[in-house]
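Take a look at the structure set out below.
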Ligand code: UT7
């Protein structure tokens, strides 16, 4: 029997209009453009404004674009996965609502939560459903409204994160393209370094938790940085070894956009020239589940059928991993 592969066949993206620049942040907290640029590579990030708009709003827009570009009937989608750390509501998955709004009435849907590695784990998950032979078309949406969980009085986090969403369509194919391999990891010791203290089952919301600003992201940046550099570089090198890929064989690194220094270290470990590294952190900051599909959205025109892409991510939990994808279509078309 021929092996069924899961190929990315379309990409969509959405970024909100409002640009929160480093200059504006200088008026909000004790920071400056030089520090933010040299430590992170970020110049501005987008913020979703508008009463009642959650992460699903951006995800739906991104998914609509992906579906329309491919010209596929939403009724032919078998499954919708939404990777997000900021669902519209704590209960009632974004994915179910989004699938209905998109007209994917024959799909089953759920959310996947793995912080900044969510989209990457989503790629692996979507691929497995397709490879089983039982599902043909899967829509994977990564969306985060990070501004809803960021404390804009905390300079350690508010300069880093932004809002945005991206979506990919994955389809079954017998061609030797698509998701080829993945290496995933996690380590619960990491949760002390990157978390939201309250609002979960351990410490439900109360007047006290709100007063103490415990519903916002807290990050011990240096600790996370150390683990991120090591793990993202390791796992990217490992997936190359496992698939007998030399530096010259890799056309693109598609790295989670948390910090330009982490990305540079990963590329160095893989022996890649910076021209092969997708990067848009300067425009959007860290959009958590949005980073990887937004890179594809920005670089799609440059991609060619048969290109070897290595996706890599690191996030809260801790979670991390790398995915090897053989690109399935010429982006310029
Ligand atoms: O995507 C999920 C995973 N997350 C990550 O991968 C993030 C990993 N961590 C990082 O990217 C970096 O740790 C940060 C960008 C968050 C911080 O950079 P850093 O080089 O690790 O800075 P630091 O936290 O060690 O702080 C260095 C100094 C401190 O001052 P002192 O103690 O040396 O006087 C901070 O108080 O910089 C200060 N600082 C700032 N200064 C100006 C911290 N934040 C700021 C700021 N503006 N926004």
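In this note's numbering, the protein residues as written are 2 to 334. Just so it is clear, CB atoms sit at the ideal spot from N, CA and C, and this is done for glycine as well.
For the region 254–281, there is no continuous beta strand (DSSP E) assignment of 3+ residues that stays within its boundaries. Per DSSP, reduced to three states, the secondary structure at residue 171 is strand. Around the CB of residue 144, 16 or more other CB atoms lie within 10 Å, so the residue is classed as buried. With a cut-off of 8 Å on Cβ pairs, the region 175–185 is in contact with the region 125–135, counting three or more such pairs. For residue 80, the beta-bridge partners assigned by DSSP are 109, 139. In the DSSP assignment, residue 36 falls outside any beta strand (DSSP E) and lies within the alpha helix (DSSP H) extending over 34–41. When the beta-carbon positions are compared, residue 142 and residue 83 come within less than 7 Å of each other. Under a 10 Å Cβ-count criterion, residue 42 is classified as buried, with 16 or more other Cβ atoms of the shown protein chains found around its own Cβ. Leaving aside the five residues that flank residue 110 on each side, the residues in its chain whose CB is nearer than 8 Å to its CB run, in chain order, 80, 81, 82, 83, 94, 96, 97, 99, 100. Positions of the alpha helix (DSSP H) runs, each at least 4 residues long and wholly inside the region 187–247, are given as 208–212, 222–243 in order along the chain.
In this structure, ligand 1 has a non-hydrogen atom nearer than 6 Å to the beta-carbon of residue 117. Within the model, the alpha-carbon separation for residue 210 versus residue 216 is close to 7 Å. Nearest Cα to residue 190 within the set 45, 319, 56, 22: 319. When distances are taken from the beta-carbon of residue 36 to the heavy atoms of ligand 1, the shortest one is below 6 Å. Separation of the CB atoms of residue 206 and residue 60 is rounded to 25 Å, and the pair is thereby denied contact status at 8 Å. Taken atom to atom, the span from the alpha-carbon of residue 32 to that of residue 156 is near 7 Å. Per the C-alpha coordinates, the member of 9, 20, 70, 75 positioned closest to residue 286 is 20.
In the three-state reduction of the DSSP assignment, residue 70 falls in the helix class. In the three-state reduction of the DSSP assignment, residue 305 falls in the coil class. Around the beta-carbon of residue 75, 16 or more other beta-carbon atoms lie within 10 Å, marking it buried. Shown here, residue 145 sits in a strand according to DSSP, grouped into three states.
Check the Cα spacing between residue 312 and each of 140, 289, 237: the tightest is with 237. In this structure the region 230–250 does not touch the region 285–301; the number of beta carbon pairs closer than 8 Å is below three. Contact between the region 37–53 and the region 259–274 is present: three or more C-beta pairs spanning the two stretches fall below 8 Å. Across the set 249, 250, 226, the C-alpha of 226 shows the shortest separation from the C-alpha of residue 257. The beta carbon of residue 11 sits closer than 8 Å to the beta carbons of 67, 68, 70, 71, 73, 169, 170 from its chain, once the five residues preceding and following it are set aside; these are given in chain order.
For residue 150, same chain residues with a beta-carbon under 8 Å away, outside a window of 5 residues either side, are 86, 87, 197, 216, 217, 218 in chain order.
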